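Here the structure is laid out as structure tokens; the discussion comes afterwards.
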Amino acid sequence: MCFLIAGIQPKTVDLDSHSRRCSSCGLYQARLKRIDHYISLFFVRLVRVKKGDPFIQCQSCGSVFSESGETWYQATGRPENRCSRCGAPLESAFRFCPGCGKQIQ
Ligand SMILES: [Zn+2]
Ligand SMILES: [Zn+2]
3 MCFLIAGIQP
13 KTVDLDSHSR
23 RCSSCGLYQA
33 RLKRIDHYIS
43 LFFVRLVRVK
53 KGDPFIQCQS
63 CGSVFSESGE
73 TWYQATGRPE
83 NRCSRCGAPL
93 ESAFRFCPGC
103 GKQIQ
């Protein structure tokens, strides 16, 4: 009987220490990331088996871009209903942003 728990685990690596501007929602919430795959044993990552391609993902709207700025996935949702300062989703009845308190025109 085998007690070893081995498998392949993905790990998302942040390649950027600074945020980039998301061309979908216009907020500085996009970061360069990469998903690497490791062979793991007892949930400890041992060997990297696959190095993923770097991509840029926006933390605010979820859009994904290539490193050269090409859009891979455009998040659905209406950017005009998001706060221009913090990106919080807004209802049309709101007069102030629930995220940062910015007045909505
Ligand atoms: Zn975005
Ligand atoms: Zn806000």
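Per the numbering used here, the sequence shown starts with residue 3, numbered consecutively.
Built from N, CA and C at the ideal position, the CB exists for glycine as well.
None of these values were measured; they are calculated from a predicted model.
Residues bridged to residue i (per DSSP)
| i | result |
| --- | --- |
| residue 16 | 35 |
| residue 110 | Residue 110 lies beyond the residue range present for the chain, which begins at 3 and ends at 107; the question has no answer from this structure. |
| residue 8 | 43 |
| residue 59 | 33 and 66 |
| residue 2 | What is shown of the chain runs 3 to 107, which leaves residue 2 out entirely. |
Check: residue i C-beta below 7 Å from any heavy atom of ligand 1
| i | result |
| --- | --- |
| residue 32 | yes |
| residue 48 | no |
| residue 43 | no |
| residue 62 | yes |
| residue 92 | no |
| residue 19 | no |
Rounded separation between residue i and residue j - CA only
| i | j | result |
| --- | --- | --- |
| residue 77 | residue 16 | 20 Å |
| residue 10 | residue 56 | 19 Å |
| residue 45 | residue 12 | 11 Å |
| residue 58 | residue 36 | 8 Å |
Residue i beta carbon near ligand 4 (any heavy atom closer than 7 Å)
| i | result |
| --- | --- |
| residue 68 | Within the structure as shown, ligand 4 is missing, the only ligands being ligand 1 and ligand 2. |
Residue span of the beta strand (DSSP E) that contains residue i, given as start and end
| i | result |
| --- | --- |
| residue 75 | 73-75 |
| residue 106 | No beta strand (DSSP E) holds residue 106; DSSP gives it neither H nor E. |
Sequence-ordered residues whose beta carbon comes within less than 6 Å of a heavy atom of ligand 2: 85, 87, 88, 90, 99, 101, 102 and 104
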